[in-house]
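A.B. asks: Provided herewith is a single structure, encoded as structure tokens, for subsequent inquiry.
Protein chains in written order, with my numbering: chain H, 37 to 165; chain B, 62 to 278.
Here you go:
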């Protein structure tokens, strides 16, 4: 199990990687898929910034799932760099399934309500600048 | 039968469907806020109810649904979230961007409503195969207007490089003509040339969403 310092370092890495992806994808033409990519990465960014778990088992689990989800975008990033127009036709089912897991864990551990939860209060998604 | 003419079916374009479904209630800081496109959501909901009450069936073509789910909802939500009034509603500075997670939530909720709409008994999605000859005639019609003052201004405002509408919009016109169904729309590719399109018999009719508030309910 990682130490709290190692977790803090991993969290910083995930935030930086996530923000890099958000910047890289920000100019994609609006489509259902681009909104999904940017919206779910933004949700991860907010969750990571809000995360303050004391339980290192839960912390380790959450970061592992986040790392897996954010890491999935490496291949997509390469593809879209060459052919951004292919995005509209892409089926992102696997990403959607994995994001379900991300939001379920965030909700279960009390980090952030699930994005698609009917009872979500939007103020949870508004971070101070 | 309706006060807009003698028809028992009507064809919805992309935005008419999106506006109908873009109507959401959310919690924000413990309060309730409503998200809808102020000029059009109520018009689309009221007119749709009027049509249902008058036994007018509502149709669209599958290409419209595909366009909505691929890009249409995302574009409307993006425009809506860039509007200063929406930022005021959420309570963030106009210089800030609405979080992309909120945009995704609005897109998902709208898509869910569109999928619910598809199950309604009064709504049909038609598997339409485009009529190339009709599409060619529509394209020729718009091309013939290319040098007119009206079209030059229209293209400049819409920042378009060609005078004709999208392929999905041309299919809507062709379907309207072939099946005797008027189109409900607020798309200026249609409404700016409504008289000309009807005179040239390139569609059955055009009903402007913005004018539907005149209905007798």
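Every residue, glycine too, gets a C-beta built ideally from N, C-alpha and C.
(1) Establish whether the CB of residue 179 of chain B and some CB of chain H are separated by less than 9 Å.
(2) Could you compute how far the alpha carbon of residue 93 of chain B sits from the alpha carbon of residue 87 of chain B?
(3) Can you give the beta carbon distance from residue 203 of chain B to residue 124 of chain B, rounded, assuming they're within the 8 Å contact cut?
(4) Please state if the CB of residue 271 of chain B and the CB of residue 128 of chain B are separated by a distance shorter than 9 Å.
(5) Which bits of chain B does residue 82 of chain H rub up against, with CB to CB less than 8 Å?
(6) With DSSP run on the structure shown, which of helix, strand or coil describes residue 182 of chain B?
(7) Look up residue 73 of chain B in the DSSP assignment and give the residues it is bridged to.
(8) Please determine, among H:164, H:141, H:51 and H:151, the residue with the shortest C-alpha to C-alpha distance to residue 162 of chain B.
(9) At least one CB of chain H closer than 9 Å to the CB of residue 229 of chain B: is that the case?
(10) Spatial neighbours of residue 215 of chain B within its chain, please: CB distance less than 7 Å, with the 5 preceding and 5 following residues excluded, ordered by chain position.
(11) What residues from the region 98 to 127 of chain B come within 8 Å of chain H, judged by C-beta to C-beta, listed N to C?
(12) Go ahead and pull the three-state DSSP assignment for residue 157 of chain B.
(13) Please say whether residue 246 of chain B and residue 186 of chain B have beta carbons closer to each other than 9 Å?
(14) Between residue 49 of chain H and the ligand MN, is there a pair consisting of the residue's CB and a ligand heavy atom that are separated by less than 8 Å?
(15) Using only CA atoms, which one of H:50, H:75 and H:41 lies nearest to residue 62 of chain H?
(16) Would you mind stating whether residue 78 of chain H and residue 165 of chain B have Cβ atoms separated by less than 9 Å?
(17) Considering only residues of the same chain and omitting the five flanking positions on each side of residue 273 of chain B, which have a CB-CB separation below 6 Å?
(18) State buried or exposed for residue 74 of chain B, treating a residue as buried only when at least 16 other CB atoms are found within 10 Å of its CB.
(19) With burial defined as no fewer than 16 other Cβ atoms inside 10 Å of the residue's Cβ, what is the status of residue 96 of chain B: buried or exposed?
(20) Label residue 230 of chain B either buried or exposed according to how many other C-beta atoms from any shown protein chain fall within 10 Å of its C-beta, with 16 as the threshold for buried.
(21) Near residue 195 of chain B, which residues of its chain fall below 6 Å by C-beta distance, leaving aside the five closest residues on each side in sequence?
(22) State the Cα-Cα distance for the pair residue 122 of chain H and residue 197 of chain B, rounded to the nearest angstrom.
(23) Where does residue 278 of chain B fall in DSSP's three states?
(24) Determine, using beta carbons only, whether residue 147 of chain H comes closer than 9 Å to chain B.
(25) Among B:80, B:98, B:264 and B:131, which residue has its Cα nearest to the Cα of residue 146 of chain B?
(26) If the cut-off is 8 Å on Cβ atoms, which residues from the region 96 to 122 of chain H count as contacting chain B, listed in chain order?
(27) Quick one: what's residue 77 of chain H bridged to in DSSP?
(28) By a C-beta neighbour count over all protein chains shown, 10 Å radius and 16 as the cutoff for buried, is residue 139 of chain H buried or exposed?
(29) Give the range of the beta strand (DSSP E) segment to which residue 86 of chain B is assigned.
(30) Does DSSP classify residue 127 of chain H as helix, strand or coil?
(31) Listed in chain order, which residues of the region 259 to 278 of chain B have Cβ atoms closer than 7 Å to some Cβ of chain H?
C.D. replies: Concretely, from the data shown:
(1) On the second chain, residue 179 of chain B is found 118 positions in, with the first residue counted as 1. False, the Cβ-Cβ gap to chain H never drops below 9 Å.
(2) For this step, residue 93 of chain B is matched to residue 32 along the second chain. For this step, residue 87 of chain B is matched to residue 26 along the second chain. Between residue 93 of chain B and residue 87 of chain B, the C-alpha separation is close to 6 Å.
(3) Along the second chain, one-based indexing puts residue 203 of chain B at 142. Along the second chain, one-based indexing puts residue 124 of chain B at 63. About 18 Å separates the two Cβ atoms, so there is no contact after all.
(4) Here residue 128 of chain B refers to the residue found at position 67 when the second chain is read from its first residue. Here residue 271 of chain B refers to the residue found at position 210 when the second chain is read from its first residue. No, the pair does not count as a contact, with Cβ atoms beyond the cut-off.
(5) Position 46 of the first chain, counted from the start, is the residue given in the question as residue 82 of chain H. Think of a sphere of 8 Å around the beta carbon of residue 82 of chain H: the chain B residues whose beta carbon falls inside it are 160 and 162, in chain order.
(6) Here residue 182 of chain B refers to the residue found at position 121 when the second chain is read from its first residue. Of the three classes helix, strand and coil, the one that applies to residue 182 of chain B here is coil, per DSSP.
(7) Looking up residue 73 of chain B in the second chain gives position 12. Note: residue 73 of chain B sits in a beta bridge opposite B:245.
(8) Translated into the one-based positions of the second chain, residue 162 of chain B becomes position 101. When only C-alpha atoms are compared, the closest one is H:151.
(9) In the second chain, counting from the first residue as 1, residue 229 of chain B sits at position 168. Taking 9 Å as the CB threshold, residue 229 of chain B stays off the interface with chain H.
(10) One-based indexing of the second chain puts residue 215 of chain B at position 154. Within the same chain, and ignoring the five residues on either side of residue 215 of chain B in sequence, the residues whose Cβ sits closer than 7 Å to its Cβ are 249 and 253.
(11) Hits within the stretch: zero.
(12) By 1-based counting over the second chain, the position of residue 157 of chain B is 96. Note: residue 157 of chain B maps to coil in three-state DSSP.
(13) For the purposes of this step, residue 186 of chain B is taken as residue 125 along the second chain, with counting starting at 1. For the purposes of this step, residue 246 of chain B is taken as residue 185 along the second chain, with counting starting at 1. Going by C-beta atoms, residue 186 of chain B is not nearer than 9 Å to residue 246 of chain B.
(14) Among the components of this structure there are no ligands whatsoever, and the ligand MN is therefore not found.
(15) Counting from one through the first chain, the residue named residue 62 of chain H turns up at place 26. Comparing Cα-Cα distances from residue 62 of chain H to each of H:50, H:75 and H:41, the minimum goes to H:75.
(16) If you number the first chain from 1, residue 78 of chain H lands on position 42. If you number the second chain from 1, residue 165 of chain B lands on position 104. With respect to the 9 Å criterion, residue 78 of chain H and residue 165 of chain B are classified as neighbours on the basis of their beta carbons.
(17) Numbered from its first residue, the second chain carries residue 273 of chain B at position 212. Taking C-beta separations shorter than 6 Å and ignoring five residues to either side along the sequence, the partners of residue 273 of chain B in its chain run 104 and 108, following chain order.
(18) Numbered from 1 along the second chain, position 13 holds the residue referred to as residue 74 of chain B. Taking all protein chains in view, the Cβ of residue 74 of chain B is crowded by 16 or more other Cβ atoms within 10 Å, so the residue is classified as buried.
(19) What you label residue 96 of chain B is simply residue 35 of the second chain in a count that begins at 1. Residue 96 of chain B comes out buried.
(20) If you number the second chain from 1, residue 230 of chain B lands on position 169. Classification of residue 230 of chain B: buried, given that the 10 Å Cβ count is 16 or more.
(21) Here residue 195 of chain B corresponds to residue number 134 of the second chain, with the count starting at 1. Result list for residue 195 of chain B: 235, in chain order.
(22) Within the first chain, residue 122 of chain H is the residue found at index 86, counting from 1. Within the second chain, residue 197 of chain B is the residue found at index 136, counting from 1. Taking the straight line from one Cα to the other gives about 28 Å.
(23) Here residue 278 of chain B refers to the residue found at position 217 of the second chain. The predicted model places residue 278 of chain B with a pLDDT of 46, which falls under 50 and marks its position as unreliable; any figure quoted below should be read in that light. Coil, per DSSP.
(24) Start at 1 with the first residue of the first chain, and residue 147 of chain H comes out as number 111. No Cβ of chain B is located within less than 9 Å of the beta carbon of residue 147 of chain H.
(25) As a position in the second chain, residue 146 of chain B is number 85, starting the count at 1. Answer by Cα proximity: B:98.
(26) When C-beta distances to chain B are compared with 8 Å, every residue of the region 96 to 122 of chain H stays at or above that value.
(27) Start at 1 with the first residue of the first chain, and residue 77 of chain H comes out as number 41. In DSSP, residue 77 of chain H forms no bridge with anything.
(28) For this step, residue 139 of chain H is matched to residue 103 along the first chain. Buried is the call here.
(29) Translated into positions along the second chain, residue 86 of chain B becomes position 25. First-last of the beta strand (DSSP E) with residue 86 of chain B: 84 to 89.
(30) As a first step, residue 127 of chain H is located in the first chain; it is residue number 91 there, counting from the start. Reduced to three states, the DSSP call for residue 127 of chain H is coil.
(31) Listed by position, the residues of the region 259 to 278 of chain B near chain H (Cβ gap below 7 Å) amount to none.
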